[in-house]
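*Asks:* Quick note on the numbering used here: the sequence shown kicks off at 5 and runs consecutively.
In this text, a Cβ means the ideal position worked out from N, Cα and C, and glycines have one as well.
This structure is in structure tokens; I'll ask about it shortly.
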Amino acid sequence: MPYRTIHRRQPVAPARHLARDRRGDTRRDPPTDRQRGTVSAPDTAPRRLHPAAAAIDFLRRAPASWGSITAIILVSSRDIWFASAVAGGFAFLSALLAVARWRSFTYRLDAQSGLVIDQGLLRRSRRSIPAERIEDVSTEQGPLQRLFGLVRVHIETGGGSADEGLLDSVGKAEAIRLHALLLGDGVAAETRAESEIAKDSPLFAMTLRRVLLHGLFGFSLLWLAAILALLNGLERVTDFDLHDLFDLAEREAVARFSLASALAVLALLLILGVFAGVASSVMRDFGFRLTYEDGRFRRTRGLLTRSQTLVANRRIQVGLIRRGWLSGRMGFAALEVQTLGGSDGPAGRHELAPFATQPEIDAVLAKTLLPPFEPQALIGVSRAHAPLWAIRRIAPLAAAVAIAGWLWPLAWFGLLLVPLLAGIGWYQRQHHRYALRSTSLQVISGVRTEREWIAPYPAVQSVMVRRGPLQRWFGVASVMVHTAGGKTISPDILDIRADVAGPLARDLIART
5 MPYRTIHRRQ PVAPARHLAR DRRGDTRRDP PTDRQRGTVS APDTAPRRLH
55 PAAAAIDFLR RAPASWGSIT AIILVSSRDI WFASAVAGGF AFLSALLAVA
105 RWRSFTYRLD AQSGLVIDQG LLRRSRRSIP AERIEDVSTE QGPLQRLFGL
155 VRVHIETGGG SADEGLLDSV GKAEAIRLHA LLLGDGVAAE TRAESEIAKD
205 SPLFAMTLRR VLLHGLFGFS LLWLAAILAL LNGLERVTDF DLHDLFDLAE
255 REAVARFSLA SALAVLALLL ILGVFAGVAS SVMRDFGFRL TYEDGRFRRT
305 RGLLTRSQTL VANRRIQVGL IRRGWLSGRM GFAALEVQTL GGSDGPAGRH
355 ELAPFATQPE IDAVLAKTLL PPFEPQALIG VSRAHAPLWA IRRIAPLAAA
405 VAIAGWLWPL AWFGLLLVPL LAGIGWYQRQ HHRYALRSTS LQVISGVRTE
455 REWIAPYPAV QSVMVRRGPL QRWFGVASVM VHTAGGKTIS PDILDIRADV
505 AGPLARDLIA RT
């Protein structure tokens, strides 16, 4: 039976003392009311969202609530006037519900309870977010919010979800007031408009050319799934049959198949995939600016949805530098930081520099309390990591090929991928190294995407030595490292010698 040795420790405060030996006192900003667990200026009067929030709610829900029902009636009855009347009735009812939801949503600031949110029509709920749990207040402007001149306020908490407190549509002045009161920073530091912030010299910024170049490396075929979902929805409300379209495409492909046509289809898919990556990059990172002031990073980006996020330096727990296989060889990488409370991004980390050169990453990293990544003198993992990595992927591939080959003989050609996986496993071992530095654990791993981890010791919450059946056979073990705020991948050390794993885990715990 495999065994596990688990070393645990209690959660700790953010690792803000690590860099004292190289930058002096890291507490650059004075203690605030929020740090003492109180709201700086209590305001117990309940408030509602901006009145235009009802219109935004109506417009956001309209396509799903009454648009599809009207389409069904229009197709079934073929009576445009009757369908228009039904659509108007549903629109009026939806508008009444939107106003009712707006009136039922209130929020207030309380000296003891922090932020208190009451909501619900038939089923009322109250959510209290203590002031000491509030880590940051970020704002976002979607297309509808920008139309009405409003902002969406996200209340981020340590250890909670990114949307634990969400005020969907408030005025810009109210957002500034909430930010100043909840964080206790004072109004002067936060009352500047985005146009005034834009005058500051950015720590890092992305030009349109840089954004487009970033998109070229973001190849994606998600557009294909979106088109299929649209056709599937169209099939439900019209006489359109998606299966008939597939049958027609199959007959045409068989009748007109040639190498040239197959290459043309492949080229079209590649072009559309690149276009989708560029479009996604422009939508997400247009106008990207990162500034640093008063111990906080301020990130502003977005084309249709304009977001402004603040990341407190003392919240940063772990740093991650990602290098793509091709973009990394061209000198570009991404810098992400893991914070207490995480982020609403897919990986749960904040992007401080999505597509930057090494000098730009060094400049941003120097502003954090994290030590620099030192690629020299890293320790390699066991040679067994290469065959173990390949076996873990070859076994599922062989099973899938065997099942598919029983139905379709050409599927056996999938076994040609086995030598490729074996070669990738060898490269994986070459690119997986680690070291215990004076203030942090540093790990590098990955081939297609190389990851360079910087994990300060106080950010490490638990260490687990794991050993599976295959690892026991090869005489190796893995050291799994769990850090504060981590959600997905972590700076794990895979497949090192078993007699090294235990002492390494104990040494790592002793340094935290």
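Please specify which runs of the beta strand (DSSP E), each continuous and at least 3 residues long, are wholly inside the region 325 to 369, giving them in chain order.
*Replies:* 336 to 343 and 354 to 361
*Asks:* Closest to residue 358 by C-alpha separation, out of 317, 215 and 435, would be which residue?
*Replies:* For the purposes of this step, residue 358 is taken as the residue at position 354 of the sequence shown. Measuring from the Cα of residue 358, the nearest candidate turns out to be 215.
*Asks:* I need the DSSP call for residue 50, collapsed to helix, strand or coil.
*Replies:* Walking along the sequence shown from the start, residue 50 turns up at place 46. Strand.
*Asks:* Fully enclosed by the region 114 to 143, which beta strand (DSSP E) runs are 3 residues long or longer?
*Replies:* The beta strand (DSSP E) runs lying completely inside the region 114 to 143 and spanning 3 residues or more are 118 to 123 and 129 to 133, given in chain order.
*Asks:* Do you know how far the Cα of residue 504 is from the Cα of residue 387?
*Replies:* What you label residue 387 is simply residue 383 of the sequence shown in a count that begins at 1. What you label residue 504 is simply residue 500 of the sequence shown in a count that begins at 1. Answer to the nearest angstrom: the Cα atoms are 14 Å apart.
*Asks:* Roughly how many angstroms lie between the CA atoms of residue 376 and residue 139, to the nearest whole one?
*Replies:* Indexing the sequence shown from 1 puts residue 376 at position 372. Indexing the sequence shown from 1 puts residue 139 at position 135. Rounded to whole angstroms, the gap between the alpha carbons of residue 376 and residue 139 is 25 Å.
*Asks:* Beta strand (DSSP E) containing residue 159: first to last residue?
*Replies:* Here residue 159 is taken as the residue at index 155 of the sequence shown, counted from 1. Looking at the DSSP string, the run of the beta strand (DSSP E) that includes residue 159 is 154 to 161.
*Asks:* Secondary structure at residue 466, three-state DSSP: helix, strand or coil?
*Replies:* Sequence index remark: in the sequence shown, residue 466 carries index 462 (1-based). When DSSP states are grouped into helix, strand and coil, residue 466 belongs to the strand group.
*Asks:* Could you check the C-alpha separation between residue 476 and residue 483 for me, to the nearest Å?
*Replies:* Start at 1 with the first residue of the sequence shown, and residue 476 comes out as number 472. Start at 1 with the first residue of the sequence shown, and residue 483 comes out as number 479. Each residue's alpha carbon lies about 14 Å from the other.
*Asks:* Could you spell out the range, first to last residue, of the beta strand (DSSP E) harbouring residue 448?
*Replies:* By 1-based counting over the sequence shown, the position of residue 448 is 444. Element bounds for residue 448: 444 to 449.
*Asks:* Between the C-alpha atoms of residue 381 and residue 116, what's the straight-line distance to the nearest angstrom?
*Replies:* Locating residue 381 in the sequence shown gives position 377, where the first residue counts as 1. Locating residue 116 in the sequence shown gives position 112, where the first residue counts as 1. If you take the alpha carbons of residue 381 and residue 116, they lie about 52 Å apart.
*Asks:* Less than 8 Å between the C-beta atoms of residue 371 and residue 296, yes or no?
*Replies:* Here residue 371 refers to the residue found at position 367 of the sequence shown. Here residue 296 refers to the residue found at position 292 of the sequence shown. Result yes, Cβ atoms of residue 371 and residue 296 sit closer than 8 Å.
*Asks:* Answer with buried or exposed for residue 393, where buried requires no fewer than 16 other C-beta atoms within 10 angstroms of its C-beta.
*Replies:* Stepping through the sequence shown from its first residue, residue 393 is reached at position 389. With 16 or more other Cβ atoms inside 10 Å of its own Cβ, residue 393 counts as buried.
*Asks:* Count the CB pairs spanning the region 105 to 122 and the region 57 to 67 that are closer than 8 Å, and state whether there are at least three.
*Replies:* yes
*Asks:* Nearest-angstrom Cα distance between residue 353 and residue 490?
*Replies:* In the sequence shown, the residue the question calls residue 353 occupies position 349. In the sequence shown, the residue the question calls residue 490 occupies position 486. Answer to the nearest angstrom: the Cα atoms are 8 Å apart.
*Asks:* Whole angstroms are fine: how far does the CA of residue 373 sit from the CA of residue 300?
*Replies:* To locate residue 300, count along the sequence shown from 1; it is residue 296. To locate residue 373, count along the sequence shown from 1; it is residue 369. Whole-angstrom Cα-Cα distance: 11 Å.
*Asks:* Could you tell me if residue 38 is buried or exposed, where buried requires 16 or more neighbouring beta carbons within 10 angstroms of its beta carbon?
*Replies:* The residue given as residue 38 occupies position 34 in the sequence shown. With a pLDDT of only 44 at residue 38, under 50, the local geometry of the prediction cannot be trusted, and no value is derived from it.
*Asks:* Tell me the residue span of the alpha helix (DSSP H) that contains residue 411.
*Replies:* Residue 411 sits at position 407 when you count from the first residue of the sequence shown. That run of the alpha helix (DSSP H) goes 389 to 411.
*Asks:* Can you tell me whether residue 362 is buried or exposed, with buried defined as 16 or more other CB within 10 angstroms of its CB?
*Replies:* If you number the sequence shown from 1, residue 362 lands on position 358. It is exposed - the Cβ of residue 362 has fewer than 16 other Cβ atoms within 10 Å.
*Asks:* Where DSSP assigns a beta bridge to residue 295, which residues make up the other side?
*Replies:* On the sequence shown, residue 295 is found 291 positions in, with the first residue counted as 1. Bridge partners of residue 295: 302.
*Asks:* Closer than 7 Å by C-beta to residue 459: which residues in its own chain qualify, once you throw out the five before and the five after it? Chain order, please.
*Replies:* The residue given as residue 459 occupies position 455 in the sequence shown. Excluding positions up to five away in sequence, the list reads 322, 444, 445, 485, 487 and 495.
*Asks:* Counting C-beta neighbours from all protein chains within 10 Å, is the total for residue 337 16 or more, i.e. buried, or is it exposed?
*Replies:* In the sequence shown, counting from the first residue as 1, residue 337 sits at position 333. By the 10 Å Cβ count, residue 337 comes out buried.
*Asks:* If contacts are defined as beta-carbon pairs under 8 Å, then residue 436 and residue 389 qualify, I think. What distance do you get, rounded to the angstrom?
*Replies:* Counting from one through the sequence shown, the residue named residue 436 turns up at place 432. Counting from one through the sequence shown, the residue named residue 389 turns up at place 385. Contact flag correct, Cβ pair sits at about 6 Å.
*Asks:* Could you check if residue 366 is buried or exposed, using at least 16 other CB atoms within 10 Å of its CB as the buried criterion?
*Replies:* What you label residue 366 is simply residue 362 of the sequence shown in a count that begins at 1. With fewer than 16 other Cβ atoms within 10 Å, it is exposed.
*Asks:* Compare the beta carbon distance of residue 154 and residue 173 with 8 Å and say whether it is the shorter of the two.
*Replies:* Reading the sequence shown from its first residue, position 150 is the one you call residue 154. Reading the sequence shown from its first residue, position 169 is the one you call residue 173. Yes; because the gap between Cβ atoms is below 8 Å, this pair is in contact.
*Asks:* Among 427, 465 and 218, which has the Cα closest to the Cα of residue 451?
*Replies:* Start at 1 with the first residue of the sequence shown, and residue 451 comes out as number 447. Among 427, 465 and 218, the Cα nearest to that of residue 451 is on 427.
*Asks:* So residue 126 and residue 119 are supposed to be a Cβ contact under 8 Å. How far apart are they, rounded?
*Replies:* Counted from its first residue, the sequence shown places residue 126 at position 122. Counted from its first residue, the sequence shown places residue 119 at position 115. About 24 Å separates the two Cβ atoms, so there is no contact after all.
*Asks:* Which class does residue 456 belong to by DSSP, given the choice of helix, strand or coil?
*Replies:* Start at 1 with the first residue of the sequence shown, and residue 456 comes out as number 452. Residue state, collapsed to three classes: strand.
*Asks:* Identify whether residue 380 lies in helix, strand or coil by the three-state DSSP scheme.
*Replies:* Indexing the sequence shown from 1 puts residue 380 at position 376. Shown here, residue 380 sits in coil according to DSSP, grouped into three states, outside any helix or strand.
*Asks:* Once DSSP output is grouped into helix, strand and coil, what is the label at residue 171?
*Replies:* Numbered from 1 along the sequence shown, position 167 holds the residue referred to as residue 171. Three-state result, residue 171: strand.
*Asks:* Please report the straight-line C-alpha distance between residue 463 and residue 124, rounded to a whole angstrom.
*Replies:* To locate residue 463, count along the sequence shown from 1; it is residue 459. To locate residue 124, count along the sequence shown from 1; it is residue 120. So the two alpha carbons sit approximately 38 Å from each other.
*Asks:* Any idea which residues DSSP pairs residue 315 with across the strands?
*Replies:* Numbered from 1 along the sequence shown, position 311 holds the residue referred to as residue 315. Its beta-bridge partners are 301.
*Asks:* Which of the three DSSP states, helix, strand or coil, is assigned to residue 288?
*Replies:* Residue 288 sits at position 284 when you count from the first residue of the sequence shown. It is helical.
*Asks:* Taking the alpha carbon of residue 218 as the reference point, which residue from 292, 149 and 66 has its own alpha carbon closest?
*Replies:* The residue you call residue 218 lines up with position 214 of the sequence shown. Looking at the Cα atoms, 292 is the closest of the given residues.
*Asks:* Would you identify the three-state DSSP class for residue 109, choosing helix, strand or coil?
*Replies:* One-based indexing of the sequence shown puts residue 109 at position 105. Here residue 109 carries a coil assignment [DSSP, helix/strand/coil].
*Asks:* So, under 8 Å CB-CB, residue 304 and residue 145 are touching, yes? Tell me the CB distance rounded to an integer number of Å.
*Replies:* Numbered from 1 along the sequence shown, position 300 holds the residue referred to as residue 304. Numbered from 1 along the sequence shown, position 141 holds the residue referred to as residue 145. That belief does not hold up - the Cβ atoms of residue 304 and residue 145 are roughly 10 Å apart, past 8 Å.
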